[in-house]
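In the UniProt record's numbering, the protein residues as written are 1 to 443. Using N, Cα and C, we set each Cβ at its ideal position, and we do this for glycine too. Contents: one structure, followed by commentary.
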């Protein structure tokens with residue numbers, strides 16, 4: 001291995017020798033010939049140089065051959081060492097790869113088991129939740145179907161009810177009655193009222209207006225109220241034709257149906273004015289009630305319809321919300337009139353209370369005077385009782401049994417009561433009594 005490392009030095013020496021031989025040859029070639037001895041010398045020198053060259057060549061070849069052999073041996077040893085190291089490294093790598101592969105397989109198996117467990121649990125949970133939701137949805141669908149069937153039946157019943165003119169009138173009357181019951185008491189309105197005297201026409205509902213009374217109707221003190229007529233109307237056919245035209249986006253059909261609806265309402269208002277409005281028995285106007293907000297909105301959309309009904313027929317158009325607000329306003333007016341009517345009565349009652357209160361003060365003064373007189377009389381009786389007690393101090397007292405036999409149980413109990421009452425008299429009275437003498441008796 002060391003000779004192989006010294007190989008470049010041999011090449012350097014060989015190169016230097018060749019260079020010297022070349023220099024000598026050049027010098028000999030450039031030198032002019034002089035004598036024959038120089039030629040011999042040159043030949044000898046050339047021969048020596050050839051021998052030297054052959055020796056150097058042989059030496060170099062031998063050295064190179066030895067170097068090659070050593071290099072081959074070193075390379076063989078190096079190859080063997082490398083083979084051993086590579087084999088050992090390969091064995092270690094294979095061992096580590098095997099261990100790593102086994103560890104990876106173990107971890108992959110654990111991961112697979114964990115993932116399978118989680119996937120199984122999640123799948124079961126999700127499937128259970130999905131099935132539960134599906135069951136709930138199906139239950140809701142079944143319940144909704146039942147509700148829809150009930151609703152369809154109710155709609156059919158409602159359609160059948162509203163299909164009859166009389167029934168539609170009853171529907172409007174019921175809704176109007178419900179609104180009146182929310183605001184007024186039964187005494188403030190009436191049903192089926194003949195608002196026009198001598199007429200057989202009866203309005204469905206009429207309000208009694210307080211404070212506006214007519215002249216006596218016959219009996220002494222009997223008066224008749226002023227009525228406010230309220231009639232409910234529901235032109236279902238005209239309204240349905242209008243809705244159908246609007247659903248079909250038929251502008252001309254909708255306009256025609258709207259005009260027909262307006263004409264129907266004008267006819268109803270004219271009929272109400274002729275049948276139920278008769279001042280001074282009634283107000284100079286009546287209320288036309290439509291039972292749905294949609295119908296009321298469609299009527300308000302007709303330009304000038306509401307104003308024309310009021311101006312031409314003295315009829316005010318009202319829907320459920322509008323009528324409720326109007327009824328509340330009337331109720332507030334009724335309460336204001338009732339308060340104004342009762343205010344005079346309240347002042348009269350207050351005057352009577354004031355008079356009686358003055359008499360009550362006089363009675364209290366008399367009672368106080370009597371109490372003071374009774375108190376003075378009781379004071380005099382106490383003074384005389386104490387004086388009698390002092391006069392009797394010198395008298396010898398009998399034993400209690402003898403006294404009871406002589407006076408009796410009732411009389412002795414009365415004396416004991418008087419004695420106990422005398423003991424409760426304050427000290428000031430005792431002092432005043434002690435200062436008195438028999439010659440100067442009290443009172």
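Item, Value
"CA-to-CA distance, residue 366 to residue 386, given in whole angstroms", "31 angstroms"
"Buried or exposed (CB count within 10 angstroms, at least 16 for buried), residue 226", "buried"
"Sequence-distant residues of the same chain with beta carbon closer than 8 angstroms to residue 193, five excluded per side", "202, 203, 205, 206, 227 and 229"
"Residue 206 in three-state terms, based on DSSP", "strand"
"Local conformation of residue 385 per DSSP, three classes", "helix"
"Residue 232, enclosing beta strand (DSSP E) - first and last residue", "225-232"
"Alpha-carbon to alpha-carbon, residue 236 and residue 325", "25 angstroms"
"Residue 357 - DSSP class collapsed to helix/strand/coil", "helix"
"DSSP-derived helix/strand/coil call for residue 193", "strand"
"Residue 262 beta carbon less than 8 angstroms from that of residue 311", "no"
"Buried or exposed by the 16-neighbour rule on C-beta atoms within 10 Å, applied to residue 138", "exposed"
"Cβ neighbours of residue 368 in the same chain (closer than 8 angstroms, five flanking residues each side left out)", "none"
"The stretch 328-338 contacting the stretch 286-300, beta-carbon criterion three pairs below 8 angstroms", "no"
"Nearest neighbour of residue 297, chosen from 106, 183, 317 and 123 [CA to CA]", "317"
"Top-ranked residue by Cα proximity to residue 260, from 384, 305 and 73", "305"
"Contact under 8 angstroms by Cβ, residue 313 with residue 264", "no"
"Per-residue DSSP class, three states only, for residue 290", "coil"
"Nearest-angstrom beta carbon gap, residue 269 and residue 276 [assumed within contact, 8 angstroms]", "Not a contact, Cβ separation roughly 11 angstroms."
"Whole-angstrom distance between residue 178 and residue 357, CA atom to CA atom", "49 angstroms"
"Cβ neighbour criterion (16 or more within 10 Å) applied to residue 350", "exposed"
"Sub-8 angstroms separation of residue 322 and residue 209 beta-carbons", "no"
"Counted within 10 angstroms of its Cβ, other Cβ atoms place residue 199 as buried (16 or more) or exposed", "exposed"
"Cβ shell of residue 173 (< 7 angstroms), same chain only, five flanking positions each side left out", "204 and 232"
"Limits of the unbroken beta strand (DSSP E) element including residue 317", "315-318"
"Simplified DSSP assignment, three categories, for residue 283", "coil"
"Under the three-state DSSP convention, the category residue 304 falls into", "coil"
"Where residue 186 sits in the DSSP three-state scheme", "helix"
"Span separating the alpha-carbon of residue 373 from that of residue 355", "28 angstroms"
"CB contact flag (residue 175, residue 320, <8 angstroms)", "yes"
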